[in-house]
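Read the structure below first, then the notes.
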Amino acid sequence: MTMTPLVYALQGASTLPSNDGYVAAAYIVFFALVLIYVVIMAVRLGRVERRLQDLQERREDESGEHEKRERELV
Amino acid sequence: MRSPSLRALSISTVLAFCVSLSLVFFYAPIEADQGFLQKIFYLHVPLAIVALCGFVIGGLFAIAHLRTGDQRWDLRSYVAIHMSLIFGVGVLLTGSIWARASWGHWWVWDEPTLVSFLIVFLLYATYSPLRFAIEDPERQGRYASVFAITAGAFVPLNFIAVRLSASYVHPRVLGATSNLPSSMAFTFLVSLAAMALLFATLCSYELAAKRTRILLKVRSRTLGFR
Amino acid sequence: MRRTVGALVRKELLVELRTLESVPGMALFAVTTFVVFHFALNQNTVSGQEAAGILWVTLLFAAMLGVNRLFVADADQGGFDGFLLAPVDRTALLLAKALALLCYLLVLELVAVPAFGLLLLGPPLGQALPGLLAPLALGDLGVAAIGTLVAALAVRTRARDLLGPLLALPLLVPIVIGCARASAPLLVSAHPGGPALRWIATLALYDLVFGLIAYAVFDFLLED
């Protein structure tokens, strides 16, 4: 994590450079959590869409067979 | 209760985070005591506050559920608590990182807020197991609401109790929010707003996803498919 | 209402006296735990905060055994249905069960506290006892209120033995804090003090709040 010149200028007391790593780690953990959540939601959405697709196809099949049967009877 | 447009919420959340992060890293001054490490404060504390409010809100929704019998309140309660639990994981992880950087240990008992949070987290971690251990959906919702109300009342009491028991050997920035310089206070408030917006957005997504799944289940059943 | 509660409490205590399924187990568990602590700590005596901690943790876990069994007979043998059919206020069941649990805890302490004084406690128990009564009483009230609520919540789920303690322990942490802190100065050999008032006040407040909450929500657990 690079520090801007402004932040360098503001630095007064002693700051251990290793602290950068910890701050970065904390923010990375946070964004990773959000990202993991979004990914899980996306996977679930995919599943829902597939199921919807499946249902749609089955309905078309059923109505297709229905029409075929009707034609046969006539 | 119509939830605001998801797109509007998402966009405002992203904007809020951009503003808040810029403030954190380019505007807020470096704290004299902890230095750059203090920047975690703008992440960890809003996470904690939003998570705790989420738990209490879950309890409030549960009260509405028990009073009206409307299942939609139960769904909102569940989502609020579930999301707060996820935020809670973030709180504990960032708190642990902060503790490690400050005192060299991944966990410290001296920070009463973190300890209280752990207890609250452990309590709410039983929420999902409780729900899934009850098969009847109506009873599940009712029992879950009873739990959410009890646990929601527990949150503030727990914080008071743990704070009373804590040793004030290590004064921390967490306790000194009242005497923050205005630039830090402003940054903190913006970060808090951003976190709250994130919570609202993710909850709205979760609610929409759950409602869609329920609708799908209902439709597929009425059409005769399993 | 009072008569209903009285009748229910009498039934609970009679059943317990005849079957002896909760209290002897709780008492035995507590005494055995003290023995385990002796070996775990490799110490002959404990005092001060350590003693308070051991006493309260043991009492707490023994109480969990009682909490687990509190509603089991009702759930398994149709006691809930029988009660629901009766034209009485449903919170009477909460009060009755809580009072019964309180009685079990009192008996538990009658055995466990002297056992603790005998087996593990360094300073003499007699001098600490009067001061210990307040934390013991308030702790018992809290465990009774929360334990009954949690027991009712957990009993009709699939993993009832597991969920009961898991739900109860975080809720009981403030009670452990209050009781352990209040008892610590009493169990010191040198200059035993009295229980700090702030802990007694905390315990009383916590008991009151959770008693009220349990009273408010219990009805919803019985609707079926």
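Protein chains in written order, with my numbering: chain A, 1027 to 1100; chain B, 389 to 614; chain C, 82 to 305.
Backbone N, C-alpha and C fix where the C-beta goes; we use that ideal spot for every residue, glycine too.
In this text the structure is predicted, and so the values were computed from the model without any measurement.
(request) Look up A420 of chain B in the DSSP assignment and say whether it is helix, strand or coil. (result) Numbered from 1 along the second sequence, position 32 holds the residue referred to as residue 420 of chain B. It is coil, neither helix nor strand.
(message) In the DSSP assignment, the alpha helix (DSSP H) including W497 of chain B goes from what residue to what residue?
(response) Position 109 of the second sequence, counted from the start, is the residue given in the question as residue 497 of chain B. Segment: none, W497 of chain B is in no alpha helix (DSSP H) and carries neither H nor E.
(request) Look at the alpha carbon of A564 of chain B and the alpha carbon of F443 of chain B, and state the distance between them as a whole number of angstroms. (result) Counted from its first residue, the second sequence places residue 564 of chain B at position 176. Counted from its first residue, the second sequence places residue 443 of chain B at position 55. A caution first: A564 of chain B carries a pLDDT of 49, below 50, which makes its placement in the model unreliable, though a value can still be read off. Roughly 24 Å separates the two Cα atoms.
(request) Answer yes or no: do L580 of chain B and V433 of chain B have a C-beta to C-beta separation smaller than 9 Å? (result) For the purposes of this step, residue 580 of chain B is taken as the residue at position 192 of the second sequence. For the purposes of this step, residue 433 of chain B is taken as the residue at position 45 of the second sequence. In contact: L580 of chain B and V433 of chain B (Cβ atoms closer than 9 Å).
(request) Please state whether DSSP places L201 of chain C in a helix, a strand or coil. (result) Numbered from its first residue, the third sequence carries residue 201 of chain C at position 120. Looking at L201 of chain C - three-state DSSP - the assignment turns out to be coil, as it is neither helix nor strand.
(request) Please check if any C-beta of chain B sits within less than 9 Å of the C-beta of L1081 of chain A. (result) Your numbering for residue 1081 of chain A matches position 55 in the first sequence. Chain B contact via Cβ: present.
(message) Can you find the residues in the same chain that come closer than 6 Å, C-beta to C-beta, to A554 of chain B, ignoring five residues on each side of it along the sequence?
(response) Here residue 554 of chain B is taken as the residue at index 166 of the second sequence, counted from 1. For A554 of chain B, where only same-chain residues beyond five positions count, the Cβ hits under 6 Å are P500.
(message) Just to confirm, is the Cβ distance from I256 of chain C to L213 of chain C under 9 Å?
(response) The residue labelled residue 256 of chain C in the question sits at position 175 within the third sequence. The residue labelled residue 213 of chain C in the question sits at position 132 within the third sequence. Cβ distance not < 9 Å, so I256 of chain C and L213 of chain C don't count as in contact.
(message) Can you give me the C-alpha to C-alpha distance between S472 of chain B and F1057 of chain A, rounded to a whole angstrom?
(response) On the second sequence, residue 472 of chain B is found 84 positions in, with the first residue counted as 1. On the first sequence, residue 1057 of chain A is found 31 positions in, with the first residue counted as 1. Taking the straight line joining both Cα atoms gives about 16 Å.
(message) Rounding to the nearest angstrom, what Cα-Cα distance links L604 of chain B and E1091 of chain A in this structure?
(response) For the purposes of this step, residue 604 of chain B is taken as residue 216 along the second sequence, with counting starting at 1. For the purposes of this step, residue 1091 of chain A is taken as residue 65 along the first sequence, with counting starting at 1. Those two C-alpha atoms are separated by around 24 Å.
(message) Give me the chain B residues within the contact set of E304 of chain C, using Cβ-Cβ distance strictly less than 8 Å, ordered along the chain.
(response) To locate residue 304 of chain C, count along the third sequence from 1; it is residue 223. Result: R530.
(request) Just the C-alpha distance for A111 of chain C and A282 of chain C, rounded to the nearest angstrom, thanks. (result) Counted from its first residue, the third sequence places residue 111 of chain C at position 30. Counted from its first residue, the third sequence places residue 282 of chain C at position 201. Near 27 Å, if we compare the C-alpha coordinates of A282 of chain C and A111 of chain C.
(message) Would the segment 503-521 of chain B count as touching the segment 414-434 of chain B if we require 3 or more Cβ pairs under 8 Å?
(response) no
(message) Distance check for L89 of chain C and V169 of chain C, CA to CA, integer angstroms please.
(response) In the third sequence, counting from the first residue as 1, residue 169 of chain C sits at position 88. In the third sequence, counting from the first residue as 1, residue 89 of chain C sits at position 8. Cα to Cα, the separation comes out at about 11 Å.
(request) Anything in the segment 476-499 of chain B with a Cβ closer than 8 Å to a Cβ of chain A? List those residues in chain order, please. (result) V477, G478, L481, T482, I485, W486, R488 and A489
(request) Closer than 8 Å, Cβ to Cβ, to anything on chain B: give me those residues from the segment 1064-1080 of chain A, in chain order. (result) M1067, R1070, L1071, V1074, R1077 and L1078
(request) To the nearest angstrom, report how far apart A285 of chain C and D1080 of chain A are at their CA atoms. (result) Sequence index remark: in the third sequence, residue 285 of chain C carries index 204 (1-based). Sequence index remark: in the first sequence, residue 1080 of chain A carries index 54 (1-based). In a straight line, the C-alpha of A285 of chain C is about 60 Å away from that of D1080 of chain A.
(request) Leaving aside the five residues before and after A225 of chain C along the sequence, list all residues of the same chain whose C-beta is less than 7 Å from its C-beta, in chain order. (result) For the purposes of this step, residue 225 of chain C is taken as residue 144 along the third sequence, with counting starting at 1. Excluding residues within five positions, the ones whose Cβ falls inside 7 Å are A179, L182, L183 and L186.
(request) Pull up the CB-CB distance for D462 of chain B and G529 of chain B, whole angstroms please, since I reckon it's below 8 Å. (result) As a working note, residue 462 of chain B is residue 74 in the second sequence. As a working note, residue 529 of chain B is residue 141 in the second sequence. Right, their Cβ atoms sit about 4 Å apart.
(request) Using three-state DSSP, classify V169 of chain C as helix, strand or coil. (result) Working through the third sequence from its first residue, we reach residue 169 of chain C at position 88. Of the three classes helix, strand and coil, the one that applies to V169 of chain C here is coil, per DSSP.
(request) Have a look at T172 of chain C and Q158 of chain C and give me their C-alpha separation to the nearest angstrom. (result) Locating residue 172 of chain C in the third sequence gives position 91, where the first residue counts as 1. Locating residue 158 of chain C in the third sequence gives position 77, where the first residue counts as 1. Approximately 20 Å, taken between the alpha carbons.
(request) From the DSSP output, read off the bridge partner residues of V127 of chain C. (result) Reading the third sequence from its first residue, position 46 is the one you call residue 127 of chain C. In the DSSP output, where bridge partners are listed per residue, V127 of chain C has C:L202.
(request) Would you mind working out which of B:P525, B:E523, B:F535 and B:D524 sits nearest Y515 of chain B, comparing C-alpha positions? (result) Looking up residue 515 of chain B in the second sequence gives position 127. Selected option, being the one with the closest Cα: B:F535.
(request) Give, in chain order, every unbroken run of the alpha helix (DSSP H) that is at least 4 residues long and sits entirely within the segment 469-512 of chain B. (result) 500-512
(message) At the 9 Å Cβ level, is L1061 of chain A part of the contact set with chain B, yes or no?
(response) Translated into the one-based positions of the first sequence, residue 1061 of chain A becomes position 35. Chain B, which has no Cβ nearer than 9 Å to the Cβ of L1061 of chain A, makes this no.
(message) For a cutoff of 9 Å on Cβ pairs, would you count R1084 of chain A as touching chain B?
(response) Position 58 of the first sequence holds residue 1084 of chain A. So yes, R1084 of chain A belongs to the interface.
(request) Measuring alpha carbon to alpha carbon, tell me which of C:P195, C:C260 and C:V148 ends up nearest A277 of chain C. (result) Indexing the third sequence from 1 puts residue 277 of chain C at position 196. The shortest Cα separation from A277 of chain C among C:P195, C:C260 and C:V148 belongs to C:C260.
(request) Answer with yes or no whether the minimum CB distance from F576 of chain B to chain A is below 9 Å. (result) For the purposes of this step, residue 576 of chain B is identified with residue 188 of the second sequence, where counting begins at 1. So no, F576 of chain B is outside the interface.
(message) To the nearest angstrom, how far is the alpha carbon of L199 of chain C from that of L440 of chain B?
(response) Against the third sequence, residue 199 of chain C aligns to sequence position 118. Against the second sequence, residue 440 of chain B aligns to sequence position 52. Computed Cα separation, rounded: 44 Å.
(request) Output yes or no for whether 9 Å exceeds the beta carbon distance between W137 of chain C and L552 of chain B. (result) Taking the first residue of the third sequence as 1, we reach residue 137 of chain C at position 56. Taking the first residue of the second sequence as 1, we reach residue 552 of chain B at position 164. No, the Cβ-Cβ distance between W137 of chain C and L552 of chain B is not below 9 Å.
(message) Does I522 of chain B come out as helix, strand or coil in the three-state DSSP assignment?
(response) Here the question's residue 522 of chain B lines up with position 134 in the second sequence. Here I522 of chain B sits in coil by DSSP.
(request) Establish whether the CB of I474 of chain B and some CB of chain D are separated by less than 9 Å. (result) The chain labelled as chain D is not found among the protein chains of the depicted structure, namely A, B and C.
(request) Determine whether the Cβ of I399 of chain B lies closer than 9 Å to any Cβ atom of chain C. (result) In the second sequence, the residue the question calls residue 399 of chain B occupies position 11. Judged by the 9 Å Cβ criterion, I399 of chain B is not in contact with chain C.
(request) Tell me, to the nearest whole angstrom, how far the beta carbon of A193 of chain C is from that of A143 of chain C; I am working on the premise that it is less than 8 Å. (result) The count along the third sequence starts at 1 and reaches residue 193 of chain C at position 112. The count along the third sequence starts at 1 and reaches residue 143 of chain C at position 62. Right, the Cβ-Cβ distance comes to about 7 Å (below 8 Å), so this counts as a contact.
(message) Relative to the C-alpha of Y466 of chain B, which candidate in B:A450, B:G457, B:T456 and B:L590 has its C-alpha closest?
(response) As a first step, residue 466 of chain B is located in the second sequence; it is residue number 78 there, counting from the start. Looking at the Cα atoms, B:A450 is the closest of the given residues.
(request) Measuring only between beta-carbons, confirm whether A549 of chain B sits less than 9 Å from chain C. (result) Within the second sequence, the letter at position 161 stands for residue 549 of chain B. At least one chain C Cβ lies under 9 Å of A549 of chain B.
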